[in-house]
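As they're listed, the protein sequences go chains A and B. Oh and the first sequence: position 66 is 95 in my numbering, straight run, nothing missing. Oh and the second sequence: position 170 is 370 in my numbering, straight run, nothing missing.
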Amino acid sequence: MDSQERRRWMSVLAQAAPEDVEAAWRKLAEPPAYRLLRGPETGLVMVRGRAGGSGAQFNLGEMTMTRCSVELDDGRVGHAYVGGRSGRHAERAAAFDALLQEPGRRPALDEIVIAPLLARQEARRAGARARAAGTRVEFFTMVRGEE
Amino acid sequence: MLAGLADPVLDSQRIFRAVLEAMAHPGRVVAVEGPPETPRALHRAAAAVCLALVDLETPLWLDPAARTPEVLEALRFHCGCPIVEEVRGARFALVVDARSMPPLEAYDGGSDEYPDRSATLIVQVAALTADAGKRLTGPGIAGEARLAVDGVPERFWAELRDNHARFPRGVDVILVAPAGVAALPRTTEVGD
């Protein structure tokens, strides 16, 4: 499996709204059975950044995070780390992660789960960008001649 | 993969309490609740002690009998511990086949300045019986205690005496059997 691919869907699932992930789960025709290996449990992670994306590492601050790991009946293991305190979100995201690792189910799940979640996230971001752009002030300086 | 403790916080506190009780009263056999699922190579109590004590700050050494893929996978996932190849570098050692375990002096016994930076051994044995077997004296024991251990080689007792003689350096041993755990810290003197 392509880890780049997996990173993509894990990121979409983690950044989706908890209720959207739950709604997507309910849409599954046959929600598969899974068992919890770990969690869901809430803790803190230290978010680190680099100034300008390439400077020295610094600790930006701690954020609340919930993680969960589940196993499907076929032995596939899914993991999820999501921001916030929603155990339900982490659990469903982990279950989706396990399901998406099955090549046979991936195209359908991609279409009915990941793509709509991604579209909603992009719409949300575009909305925020538009609101921010509406308050933009252009500064410019008139060059004054000294003559 | 195997599931971990059902309630990681409270269960590991209960297990820790049992180990504490055993450490405080060398020779006493203390019952301990285990995780719902246990790797085949381990007793339930051995898995419980590992889950409660071992974490990402404590390098763990496993003897060859404990080094099954199932055990490695479960400990890496649930404890997040580094697994080391050298006995010396380990904070915890999990021994499943006590008869061929390395001598106690092979483990890190700490230094005179920092005797607490030493290894703790989790040794799985066939059976533990209190009030029988070797005579134990020392801190935590009123008068004397007795503990019979089924599954350790005879040299183990001589090594424990040497371990005691190295005080304050030395290792602490947690014995694990289906019935529970018992501890032989470095302060305990082993008689006949």
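Ideal placement from N, C-alpha and C gives every residue a C-beta, glycine not left out. Being a predicted model, the structure only gives us computed values, none of them experimental.
Contact under 8 Å by Cβ, residue i with residue j
i      : j      : result
B/A247 : B/P259 : no
A/L146 : B/A203 : no
A/A94  : A/Y110 : The sequence shown places Met at residue 94 of chain A, not Ala. Yes. Within cutoff.
B/H243 : B/P378 : yes
B/D298 : B/V323 : In the sequence under discussion, the amino acid at residue 298 of chain B is Ala, which differs from the Asp named in the question. Yes, Cβ-Cβ distance for B/A298 and B/V323 is below 8 Å.
B/V271 : B/I215 : no
A/L128 : A/P61  : yes
B/K334 : B/G280 : no
B/L336 : B/L347 : yes
B/F367 : B/T388 : no
A/D126 : A/G107 : yes
B/N363 : B/L321 : no
B/P231 : B/W261 : First, the amino acid is wrong: residue 231 of chain B is Ala here, not Pro. Their beta carbons are not under 8 Å apart, which means B/A231 does not touch B/W261 by this criterion.
A/Y63  : A/L101 : yes
B/G227 : B/A306 : no
A/R105 : A/E140 : no
Anticipated Cβ contact below 8 Å, residue i with residue j, distance rounded
i      : j      : result
B/A319 : B/F292 : 7 Å
B/F277 : B/M223 : In fact, because the Cβ distance is near 27 Å, the residues do not count as touching under 8 Å.
A/V142 : A/A53  : 5 Å
B/V287 : B/P302 : 5 Å
Residue i versus the options, residue with shortest Cα-Cα distance
i      : options                           : result
A/G68  : A/A52, A/N88, A/S32 and A/R114    : A/R114
B/R267 : B/A241, B/V249 and B/G227         : B/A241
A/R96  : A/A148, A/A124, A/L128 and A/Q86  : A/A124
A/A148 : A/A85, A/L66 and A/L42            : A/L42
B/D308 : B/V371, B/D207, B/E237 and B/A377 : B/V371
A/M39  : A/R121, A/Q86, A/D102 and A/T71   : A/R121
B/L210 : B/N363, B/L336 and B/L251         : B/L251
A/H118 : A/V50, A/S32, A/R37 and A/R36     : A/V50
A/G72  : A/G116, A/Y63 and A/G104          : A/G116
B/L375 : B/A365, B/F356 and B/R369         : B/F356
B/A332 : B/P208, B/A206, B/Q213 and B/V229 : B/V229
A/M75  : A/A144, A/G112, A/R158 and A/D103 : A/G112
Paired residues, beta bridge with residue i - DSSP
i      : result
B/D350 : B/A327
A/L101 : A/Y63
A/A45  : Answer by DSSP bridge pairing: none, since A/A45 is not bridged.
A/Q150 : Paired residues: none, contrary to the question.
A/G112 : A/M94
A/V76  : A/G90
B/G380 : B/A377
B/F292 : B/L260 and B/T320
Three or more C-beta pairs below 8 Å linking the stretch 72–90 of chain A and the stretch 33–46 of chain A: no
Contact the stretch 217–231 of chain B vs the stretch 382–389 of chain B: 3+ CB pairs below 8 Å: yes
Segment contact flag, the stretch 297–317 of chain B with the stretch 333–345 of chain B, C-beta cutoff 8 Å, min 3 pairs: no
The stretch 346–357 of chain B touching the stretch 279–294 of chain B, judged by at least three CB pairs closer than 8 Å: no
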